[in-house]
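Residue numbers (this note's numbering), protein chains in the order written: chain A, 329 to 646; chain B, 78 to 613.
Read the structure below first, then the notes.
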């Protein structure tokens, strides 16, 4: 165990460096957008005078580099500043949205991860049968369709035609946990369909890869039943690639949900990112993107640590 | 009356009760079925129109909202904020369902003889939701001053630039002094920015709390997501039939329409024109198609060649087949334009001006007269201007070929269109929101020295009439002047107006709506929450 901590520390250090680079890139990308915040806030109805007054108030007359370092000096001590448009604290704007996004991601993950791995094991066991083919075709079809299309199909059959679930997942009012699960079922199911194929196929491939190994043959020769060969002998050695793929997909569940949020009108962080970009609200854009970047960095780190823990050989490189 | 006709009339009344037939359609069919006009009118009022009922929770899906919205009336921009403002705040005056001007906070108003001094009497019955006190003249003064002054960032600043002084004469009397006469001033008070908020002691207003004196008070809400409101008991006007209102921001057209179809919302503020015909087939949904004062314009810089020649401008106007554009681009949900920016939905609309039709031959001869045969011009546009704006430009370019005009359609970036293209490129496509009166519209975009004179049009007589009409309190004389101005704009002006776009919105059939729907905004002038009701 002791050798993992330095690795984690090193990776976190690199992660922070990555975040810094990303923040620079995002800042200048937002700067490059045509028009500015004042224009976006006042819209078509703005006059030069208005714009000048608003720019002054928002501090847009400082050079870009000064504004960036102003922001950075706050960010390093954990103060992500205030939204330029509304003057509200960025943390208070984003927290609730991020919790919503995490909830939806967790909801989808709790269904998708066990389902995909189990399905992967079953198709590995029944490889090249009709079941394997059908499962592959169905999951590949769902991963190949854009999320919004899957969402519309689900809405058509489960909301419009049968009214089993609400078509929009708005979270207004006091909802019990059961109601919440019911309301958000369609977006969660859409995400499940999108991420299942990747994890399932990686599980299947990793297991089938190992089935040619001599020790599996040995197990088979001992007379171990096929399911036991896979679960007890093949799976432990297949965890590393599976964990990697699961981590990537979890990151996707948090960062890639913008379209699903739009289709189901779910108040998550992706929606606030889109809104903030359209208003050029740099501190909010920055905070959202850094959260996304940090999610990727942390989940990748978790995947590596997980892979090392399940495979002691990786801890002793030759 | 035959039995068959009786059946027809019963069915008509049923259709009308469900809002599936307009009053005009009802009258036509009823008269054809053998009723006299008087009987048919009586039938319409007694049978077809249900009386408003109180109660229910109204869920209202709105098509435009942003997390960056605020309660500051000076920066109201999205539909969600504008509609919310009409639900939880009050204005001095309001536009009635029939298009006339009615009282909101002001019980009555009067002008000095030259229309340069206006006095508003504030109703004593209005009260703020949170502050728990009556609305006074002080609040009105502070709320209007929020849009004035050097450091104001309000988008309504230009609208009030003629105002020289606003004073509270008493607790309920506000006097506004203008630098010149403006007979439309009470109409200006309906502008969505001019919501009345409680005044602070230092003369500023408290907009941050979301307080207001409108028919509903905000219970809870989040910008860009939605608001829940409950009825403000003792609201100072008629209406507010729903017990509570929920405003939901539904930016995605598909989500919005699906929510309406599945009954997750009771009304939506915008229907996609492409799918309007399909939605019409659903018996549970009533679609409203209301001519508005919003317009699509194609301004040409009148001081830039080749547009500096009126014959060239008129040739370009004649080279447009408006009927085809309305049919193919607006899916019929539009009112044909006639190249003057005065909509039938505004007061003083001149009825008798001949419609300009598609006439490529005459366009050709005008070009020959101007010595500009084989004219080539570039038209800038972007998809964000209007759904189908680029298609419209391409279609127009095709139509103009028949007149020997070659139009290059330039597709500009959506972002920053109004800062980088509009007022900068000599020929572009623009979308205008509805303005309450012709004076406001002409002063904004057609007056010689207006910052937004998008066509750089300078016409002495037009500008003279504009100022005269503005201060004229005699409505007959004003109508005459607006008629002459319309003729000038049509035949000399630099703006092609293909159409005034209709507001197309919908509600579930169990929602009752009044016979006349205001045309100032979608959803009955943004006041659906206080004017509509549930039938059962």
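Beta carbons: idealized from backbone N, C-alpha and C, even for Gly.
Contact with chain B by residue i, beta-carbon distance below 8 Å
i	result
residue 370 (chain A)	yes
residue 411 (chain A)	yes
residue 609 (chain A)	yes
residue 614 (chain A)	no
residue 389 (chain A)	no
residue 498 (chain A)	yes
residue 480 (chain A)	yes
residue 475 (chain A)	no
residue 392 (chain A)	no
residue 354 (chain A)	no
residue 414 (chain A)	yes
residue 591 (chain A)	yes
residue 606 (chain A)	yes
residue 495 (chain A)	yes
residue 488 (chain A)	yes
Alpha carbon of residue i to alpha carbon of residue j, nearest angstrom
i	j	result
residue 443 (chain A)	residue 604 (chain B)	49 Å
residue 530 (chain A)	residue 502 (chain A)	40 Å
residue 577 (chain A)	residue 520 (chain A)	10 Å
residue 355 (chain A)	residue 613 (chain A)	9 Å
residue 362 (chain A)	residue 498 (chain B)	11 Å
residue 520 (chain B)	residue 378 (chain A)	18 Å
residue 287 (chain B)	residue 304 (chain B)	11 Å
residue 525 (chain A)	residue 409 (chain A)	40 Å
residue 437 (chain A)	residue 446 (chain A)	14 Å
residue 152 (chain B)	residue 444 (chain B)	45 Å
residue 320 (chain B)	residue 134 (chain B)	6 Å
residue 141 (chain B)	residue 493 (chain A)	25 Å
residue 264 (chain B)	residue 198 (chain B)	15 Å
residue 561 (chain B)	residue 426 (chain B)	11 Å
residue 137 (chain B)	residue 396 (chain B)	42 Å
residue 537 (chain B)	residue 179 (chain B)	34 Å
residue 407 (chain A)	residue 419 (chain A)	8 Å
residue 366 (chain A)	residue 228 (chain B)	14 Å
residue 78 (chain B)	residue 358 (chain B)	Since pLDDT at residue 78 (chain B) reaches only 45, below the 50 mark, its modelled position is unreliable, and the value read off the structure follows with that caveat. Cα-Cα distance, rounded: 31 Å.
N-terminal and C-terminal residue of the alpha helix (DSSP H) that residue i is part of
i	result
residue 550 (chain A)	542-550
residue 470 (chain A)	458-472
residue 207 (chain B)	From DSSP, residue 207 (chain B) is part of no alpha helix (DSSP H); its letter is neither H nor E.
residue 379 (chain A)	376-386
residue 341 (chain A)	332-360
residue 437 (chain A)	418-453
residue 304 (chain B)	Here residue 304 (chain B) belongs to no alpha helix (DSSP H); instead the beta strand (DSSP E) covers 303-308.
residue 471 (chain B)	466-478
Segment limits, beta strand (DSSP E) that includes residue i
i	result
residue 410 (chain A)	Taken as a continuous stretch (DSSP letters only), residue 410 (chain A) belongs to no beta strand (DSSP E), as it is neither H nor E.
residue 441 (chain B)	Where residue 441 (chain B) is concerned, there is no enclosing beta strand (DSSP E), although the alpha helix (DSSP H) it sits in stretches over 437-447.
residue 135 (chain B)	134-139
residue 180 (chain B)	178-180
residue 575 (chain B)	572-585
Interface flag, residue i vs chain A, CB-CB below 8 Å
i	result
residue 145 (chain B)	yes
residue 216 (chain B)	no
residue 229 (chain B)	yes
residue 48 (chain B)	A query on residue 48 (chain B) cannot be resolved here, the shown segment of chain B reaching from 78 to 613 and no further.
residue 302 (chain B)	yes
residue 263 (chain B)	no
residue 517 (chain B)	no
residue 327 (chain B)	yes
residue 366 (chain B)	no
residue 330 (chain B)	no
CB contact check: residue i to chain E, cutoff 8 Å
i	result
residue 375 (chain A)	The question asks about chain E, but that chain is absent: this structure's protein chains are A and B.
Suppose only complete runs of 3+ residues qualify. What are the beta strand (DSSP E) ranges in the stretch 330-390 of chain B, listed by chain order? 362-376
Taking contact to mean 3 or more Cβ pairs, one atom from each stretch, closer than 8 Å, check whether the stretch 613-629 of chain A and the stretch 344-351 of chain A are in contact. yes
Can you confirm whether the stretch 563-572 of chain A touches the stretch 530-548 of chain A when touching is taken to mean that 3 or more C-beta pairs between the two stretches lie within less than 8 Å? yes
So does the stretch 538-546 of chain B actually touch the stretch 325-335 of chain B, counting three or more Cβ pairs closer than 8 Å? no
Looking at C-beta atoms only, is the number of pairs between the stretch 189-204 of chain B and the stretch 255-267 of chain B that lie closer than 8 Å three or more? yes
Three CB pairs or more closer than 8 Å across the stretch 408-425 of chain B and the stretch 436-450 of chain B: no
Does the stretch 602-611 of chain A come close enough to the stretch 542-558 of chain A to have 3 or more Cβ pairs within less than 8 Å? no
Take every Cβ of the stretch 431-441 of chain B, pair it with every Cβ of the stretch 364-376 of chain B, and state whether three or more of those distances are shorter than 8 Å. no
The stretch 452-466 of chain B touching the stretch 588-595 of chain B, judged by at least three CB pairs closer than 8 Å: no
Three-pair Cβ contact test at 8 Å for the stretch 238-252 of chain B versus the stretch 272-283 of chain B: no
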